[in-house]
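The block underneath contains the structure these notes are about, expressed in structure tokens.
Structure representation (structure tokens):
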């Protein structure tokens, strides 16, 4: 029997939109609200709620400033956020690698 | 959401972010390139036509024109694109370091009394290295090639000494065109081509 143990899933990152936000910010220095709306293909209301959740978890920093005539919201990933995303991604990859051989074994046994 | 779905999201969003990271230091090259070219040409003209060495005064013109223009374009870029990439930040820090190194070399060669012999080639080599490294960061081959050519030509200008030293200014003006202005325009063209494909 395999000694593989499923990693504990981070409930904050186990959400479609929050994961998208974190991955986008992971590759950037900073991004504003409109950019995140476009890249995650989400509505403003939903994005705002998820940004607040990530901010409360300490995964991102949010700064608000006046840029021209409009207020401007910029988000930036924190060191804690980077760490959490790395751990989450590693866990997913380990789970995936464990799933693929077991699925192959099932297919082989069915074929036999 | 399954593991595969989540891994798919990670790969897709990363790819999308990368495809939009297309403007690393484009304006920086032109913003610093044209004032630098103008200063080198003016210095060359002042030395050759009027035999007046305006070097010490004209150098100040580069940061005076370049710094506010850079701040303006960086802000405008951020407003337009809504994001700032890690590559852009690295390129910006590197050029700030090169600017500092350029000022430092100006002072040290001045105090050491070898200003006329060394300063221009050093400036050209720094510009060439900056161009090459930006090409490495932004993975844009023409920029790397321009940087290497600029550095080699600048090194060659070390041999223009004595009465020939004003010609160093003209050589470095050419290096500015090769290592700042041409890569800047090539990058702009590249960005426009990439944007039209999106």
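Protein chains in written order, with this note's numbering: chain A, 219 to 330; chain B, 1221 to 1418. Using N, Cα and C, we set each Cβ at its ideal position, and we do this for glycine too. Quick caveat, the model's predicted, so the values are computed rather than measured.
In or out: residue 298 of chain A buried (at least 16 other Cβ within 10 Å) or exposed? On the first chain, position 80 is the one that residue 298 of chain A refers to. Exposed, because fewer than 16 other Cβ atoms sit within 10 Å of the Cβ of residue 298 of chain A.
Boundaries of the beta strand (DSSP E) in which residue 1311 of chain B is found, first to last residue: Against the second chain, residue 1311 of chain B aligns to sequence position 91. Looking at the DSSP string, residue 1311 of chain B is not in any beta strand (DSSP E); the run it does join, the alpha helix (DSSP H), is 1306–1332.
Where residue 1354 of chain B and residue 1226 of chain B are concerned, what is the direct C-alpha to C-alpha distance, given to the nearest angstrom? On the second chain, position 134 is the one that residue 1354 of chain B refers to. On the second chain, position 6 is the one that residue 1226 of chain B refers to. Distance between the alpha carbons of residue 1354 of chain B and residue 1226 of chain B is about 33 Å.
Kindly list the residues whose CB is nearer than 7 Å to the CB of residue 1392 of chain B, restricted to its own chain and excluding five residues on each side of it in sequence; keep chain order. Indexing the second chain from 1 puts residue 1392 of chain B at position 172. Here the set comprises 1260, 1340, 1343, 1344, 1374 and 1377.
Spell out the partners DSSP gives residue 246 of chain A in its beta bridges. Taking the first chain and counting its residues from 1, the one referred to as residue 246 of chain A is at position 28. Bridge partners of residue 246 of chain A: B:1305.
Helix, strand or coil at residue 315 of chain A according to DSSP, with G and I counted as helix: Locating residue 315 of chain A in the first chain gives position 97, where the first residue counts as 1. If DSSP states are grouped into helix, strand and coil, residue 315 of chain A belongs with the helices.
Looking at the structure shown, is residue 289 of chain A part of a helix, part of a strand, or coil, going by DSSP? The residue given as residue 289 of chain A occupies position 71 in the first chain. Residue 289 of chain A falls in the strand class under three-state DSSP.
Assigned secondary structure, residue 281 of chain A (DSSP; H/G/I helix, E/B strand, else coil): Reading the first chain from its first residue, position 63 is the one you call residue 281 of chain A. Three-state result, residue 281 of chain A: strand.
Report the three-state DSSP secondary structure of residue 1230 of chain B (helix, strand or coil). Position 10 of the second chain, counting from 1, holds the residue named residue 1230 of chain B. Looking at residue 1230 of chain B - three-state DSSP - the assignment turns out to be helix.
Can you tell which of A:241, A:240 and A:248 has the C-alpha that lies nearest to the C-alpha of residue 1298 of chain B? For the purposes of this step, residue 1298 of chain B is identified with residue 78 of the second chain, where counting begins at 1. With distances taken between Cα atoms, residue 1298 of chain B lies closest to A:248.
When you compare the CB positions of residue 1230 of chain B and residue 307 of chain A, do they come within less than 8 Å of one another, or not? The count along the second chain starts at 1 and reaches residue 1230 of chain B at position 10. The count along the first chain starts at 1 and reaches residue 307 of chain A at position 89. Yes.
Boundaries (first-last residue) of the alpha helix (DSSP H) holding residue 1397 of chain B: Locating residue 1397 of chain B in the second chain gives position 177, counting from the first residue. From DSSP, residue 1397 of chain B is part of no alpha helix (DSSP H); its letter is neither H nor E.
Starting from residue 228 of chain A, trace the alpha helix (DSSP H) in both directions and tell me its first and last residue. Along the first chain, one-based indexing puts residue 228 of chain A at 10. First-last for residue 228 of chain A: undefined, no H or E at that position.
Chain A partners of residue 1234 of chain B, CB-CB under 9 Å? Taking the second chain and counting its residues from 1, the one referred to as residue 1234 of chain B is at position 14. Those are 241, 242, 244 and 245, listed as they occur along chain A.
Helix, strand or coil for residue 294 of chain A? Go by DSSP, reduced to three states. One-based indexing of the first chain puts residue 294 of chain A at position 76. The answer is strand: DSSP assigns residue 294 of chain A an E or B state.
So, with DSSP's three-state summary, where would you put residue 1363 of chain B? As a working note, residue 1363 of chain B is residue 143 in the second chain. Residue 1363 of chain B: helix per DSSP, three-state reduction.
Let me check understanding here. Comparing Cα to Cα, which of B:1310, B:1313 and B:1251 lies closest to residue 1283 of chain B? Position 63 of the second chain, counted from the start, is the residue given in the question as residue 1283 of chain B. Considering only alpha carbons, the answer is B:1251.
Residue 1343 of chain B - containing alpha helix (DSSP H), residue span: Here the question's residue 1343 of chain B lines up with position 123 in the second chain. Run containing residue 1343 of chain B: 1335–1358, per the alpha helix (DSSP H) assignment.
Figure out for me which residue from B:1265, B:1412, B:1291 and B:1350 has the closest Cα to the Cα of residue 1370 of chain B. Taking the second chain and counting its residues from 1, the one referred to as residue 1370 of chain B is at position 150. Residue 1370 of chain B has its Cα closest to that of B:1350, out of B:1265, B:1412, B:1291 and B:1350.
Which residues, in chain order, does the stretch 245–273 of chain A contribute to contact with chain B at a C-beta distance below 7 Å? 245, 246, 247, 248, 249, 250, 252, 253 and 257
Along the stretch 301–321 of chain A, what residues have a CB closer than 8 Å to any CB found in chain B? 307, 310, 311, 313, 314 and 317
Looking at chain A, which residues of the stretch 1306–1334 of chain B have a Cβ within less than 8 Å of any of its Cβ atoms? 1306, 1308 and 1309
Among the candidates B:1359, B:1384, B:1383 and B:1388, whose CA atom is the shortest distance from the CA of residue 1403 of chain B? Reading the second chain from its first residue, position 183 is the one you call residue 1403 of chain B. When only C-alpha atoms are compared, the closest one is B:1359.
Do residue 1283 of chain B and the ligand PLP come close, with the Cβ less than 7 Å from some heavy atom? For the structure depicted, the ligand PLP is absent and the ligand set is empty, with no information on it obtainable.
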